[in-house]
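For reference, the structure is listed below as structure tokens.
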Amino acid sequence: MNRYDVIIIGSGLGSLLCGYILSKEGFSVCILEKHSVPGGCMQSFKRGENSFDTGIHYIGSMLPGQTLHSYWKYFGLSQSLGLERMNTDCFDLISLDGMDFRLAQGFDHFTENLAGQFPASREFLGQYVAALKETVSAFPLYNFQLTDKHTKTAWMGTNAWDFLNKMAGTDPGNRLLLEVLSGNNFLYAGRKVSTPWHQYALINHSFINSAWRLSHGSTQITDHLIAYITAAGGRVLTKMEVKKISSLKNKFQVETAGHEMLVGSRIIAGIHPQSALGILEPSLLKRSFQSRIMSMENTVSSFGLYLGLKPDSFPYMDHNLYYHSTRDAWAGQECKAAGWPGMYFMYTPSCSRHGEFTSAVCILSTMCYDEVKRWEGTSTGKRGPDYKTFKSECAEKLLKLVERKFPEIRSSITDMEISTPLTWRDYTGTPEGSMYGIRKESGNYLKTMILPHTKIPGFYFTGQNLNMHGAPGVTIGAIMTCAEILGLEYLFNKIRDAE
Ligand SMILES: Cc1cc2nc3c(=O)[nH]c(=O)nc-3n(C[C@H](O)[C@H](O)[C@H](O)COP(=O)(O)OP(=O)(O)OC[C@H]3O[C@@H](n4cnc5c(N)ncnc54)[C@H](O)[C@@H]3O)c2cc1C
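All residue numbers for the sequence shown refer to the working numbering, where the first residue is -11 and numbers rise by one.
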């Protein structure tokens, strides 16, 4: 029997950050990952000379003193990651029905840039930036502060679309600007009916502060955290899918697919809560808790093209592109089958840069799980010829949309890898291949909230389902999880005082 103070299920960002904190605090830690490669959404894959990141394409607030930089200093990440600052005049290019708009870094610069294109909307822009700042200031951990503020709960019930819509009023200029300000809503799988305003604000605020690509890909985060955990005596074991967690005399017994048995005093589930409930011994669970978690809906999945390109044929872009086929930035997120794809996100990986050109490009669009449901009983490489046809037809539709802006792209392609919601489901263990896990609902925020502690003593959650998805959300979530064991004030002071 392998015995540990803490067993962590999954090796995504949240799990590894928890493993780092608890190893540093002297706990014996074992992280179990079902795949052969650790990192979850931080994994990259290689095709030929090109390396593609799958789930972390850019991060925000990494200038010294900014929030993510302050947290990641404790983890040694701020000091060691290779970063490339994205174009300060345009980190996100929003394309709506053929018109391009640039989101710039730094709040003043952001405002001036957009005011150049929307001179009559200066007042709206001022209100917008003030609202972002006011909202974020109500979430102390997002400002690297400890004190709690009651005002944050008021924001949690506010719907992003309603809030922005009201602020924009009926002025036609403001109406278009409102769509521009919603243009990167792929970042949070935006839905008019349910996206909470505070989620919108925390994400946009982080990137407007400063936006960065990881120059050697997101695996450098995984490698750094694992190196520390291992050096501190912890273990990160791959090809160890957890199949069952049961109670054993005030501890937990964990059984893997290969029938290895481990015992942990505490468990942290860094996997989707619905998947975690599937492996927990039923007697540990209250029926009401189970039905609440199982009734939660997930964010939409994605369809992706990972293209290798001929040398010196396609420009490297130091910004992301969010392309929408109409002026309605929210329509593409609904991903109705008839009009698919209504939008795409496009980026060129930093490590594919060759001077002015790129050797690779990644294009993602949203896709509902229903589109691939008929193959859900199949596994990678064995899904059959009709699945291959489906993938090719979708790739063709997406490429046709991309050609509207880049007519030359097809002639540049040397090879193409395709991902579907099933790829994501099998790759992150997330139900229905959901991109960001449980969908937070502005109309029912508390109901869609997952807390780090549970009614099972010693059993905790971490990862993107907890607090919020994305690098800052998952980082703060990991701190909330470890604070359940160490105490928030104690842990926060350690993080604040880190060199
Ligand atoms: C397409 C896409 C693009 C994104 N882009 C960005 C971005 O640009 N910037 C940003 O900040 N964020 C981005 N995100 C969000 C970010 O990647 C995630 O929020 C974050 O990485 C999730 O981390 P996690 O800790 O929840 O774990 P996950 O990454 O979900 O990892 C969970 C791990 O658990 C493992 N696992 C599951 N079940 C078991 C089991 N039974 N036993 C053992 N192991 C198991 C899985 O194999 C996986 O490795 C993106 C996400 C997606 C999907």
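Cβ coordinates follow ideal geometry from the N, Cα and C atoms, glycine included. Note that the structure is a prediction, hence the values are computed from the model and not measured.
Where residue i falls: helix, strand or coil (DSSP)
i: residue 259; result: coil
i: residue 232; result: strand
i: residue 294; result: strand
i: residue 320; result: helix
i: residue 282; result: helix
i: residue 458; result: helix
i: residue 167; result: helix
i: residue 239; result: strand
i: residue 382; result: helix
i: residue 303; result: strand
i: residue 251; result: strand
i: residue 490; result: Outside the displayed range of the chain (-11 to 487) lies residue 490, so it cannot be described from this structure.
i: residue 55; result: helix
i: residue 123; result: helix
i: residue 147; result: strand
i: residue 95; result: helix
i: residue 356; result: coil
i: residue 400; result: helix
i: residue 200; result: strand
i: residue 413; result: helix
i: residue 157; result: coil
i: residue 377; result: helix
i: residue 100; result: helix
i: residue 184; result: strand
i: residue 288; result: coil
i: residue 207; result: helix
i: residue 348; result: strand
i: residue 162; result: helix
i: residue 50; result: coil
i: residue 334; result: strand
i: residue 370; result: coil
i: residue 194; result: helix
i: residue 429; result: coil
i: residue 152; result: helix
i: residue 275; result: helix
Supposed contact pair residue j and residue i - C-beta distance, whole angstroms, cut 8 angstroms
i: residue 431; j: residue 318; result: At roughly 16 angstroms, the Cβ-Cβ gap does not stay under 8 angstroms, so residue 431 and residue 318 are not in contact.
i: residue 284; j: residue 308; result: Not really, about 29 angstroms apart at Cβ, beyond 8 angstroms.
i: residue 193; j: residue 120; result: 5 angstroms
i: residue 216; j: residue 46; result: About 24 angstroms separates the two Cβ atoms, so there is no contact after all.
i: residue 490; j: residue 287; result: Past the edges of the chain, shown from -11 to 487, lies residue 490, and the structure says nothing about it.
i: residue 65; j: residue 247; result: Not quite, the Cβ-Cβ distance comes to about 36 angstroms (not below 8 angstroms), so this is no contact.
i: residue 41; j: residue 205; result: 5 angstroms
i: residue 207; j: residue 30; result: 6 angstroms
i: residue 197; j: residue 54; result: 5 angstroms
i: residue 255; j: residue 467; result: Not a contact, Cβ separation roughly 18 angstroms.
i: residue 74; j: residue 116; result: Not a contact, Cβ separation roughly 21 angstroms.
i: residue 371; j: residue 84; result: About 35 angstroms separates the two Cβ atoms, so there is no contact after all.
i: residue 173; j: residue 82; result: Residue 173 to residue 82, Cβ: 10 angstroms. No contact.
i: residue 63; j: residue 5; result: 7 angstroms
Proximal residues to residue i (C-beta, below 7 angstroms), its chain only, five neighbours per side dropped
i: residue 436; result: 284, 426, 427, 428, 429
i: residue 443; result: 274, 277
i: residue 167; result: 84, 315, 316, 317
Own chain residues within Cβ distance below 6 angstroms of residue i, not counting five before or after
i: residue 488; result: Here the chain has residues from -11 to 487 only, and residue 488 is not among them.
i: residue 336; result: 304, 305, 346, 349
i: residue 11; result: 17, 217, 220, 222
i: residue 447; result: 255
i: residue 127; result: 140
Other residues of its chain near residue i: CB distance less than 8 angstroms, five sequence neighbours each side excluded
i: residue 109; result: 102, 103, 159, 161, 162, 165
i: residue 146; result: 184, 185, 186, 430
i: residue 301; result: 345, 396, 399, 400
i: residue 225; result: 18, 19, 20, 21
i: residue 290; result: 352, 353, 354, 355, 407, 409, 412, 421, 423
Check your understanding: Looking at C-beta atoms only, is the number of pairs between the region 16 to 24 and the region 237 to 257 that lie closer than 8 angstroms three or more?
Key -> yes
Exercise for review: Please specify which runs of the beta strand (DSSP E), each continuous and at least 3 residues long, are wholly inside the region 1 to 32, giving them in chain order.
Suggested key: 17 to 20
Review point. Would you call the region 0 to 7 and the region 446 to 459 in contact, with 3 or more CB pairs under 8 angstroms?
Key: yes
Review point. Within the chosen definition, does the region 256 to 264 reach the region 403 to 422 through at least 3 CB pairs nearer than 8 angstroms?
Key: yes
Exercise for review: Please confirm if the region 227 to 241 is in contact with the region 274 to 281, defined as three or more CB-CB distances below 8 angstroms between the two stretches.
Suggested key: no
Practice item. Indicate whether the contact test is met: 3 or more Cβ pairs, each with one atom in the region 46 to 66 and one in the region 458 to 471, closer than 8 angstroms. Key: yes
Check your understanding: At a cut of 8 angstroms, does the region 228 to 238 reach the region 359 to 376 through at least three beta carbon pairs?
Key -> no
Exercise for review: Determine contact between the region 75 to 83 and the region 295 to 307, defined as no fewer than three beta-carbon pairs at a distance below 8 angstroms.
Suggested key: yes
Review point. If we count Cβ pairs, one from each stretch, closer than 8 angstroms, do we get three or more for the region 384 to 395 versus the region 320 to 333?
Key: yes
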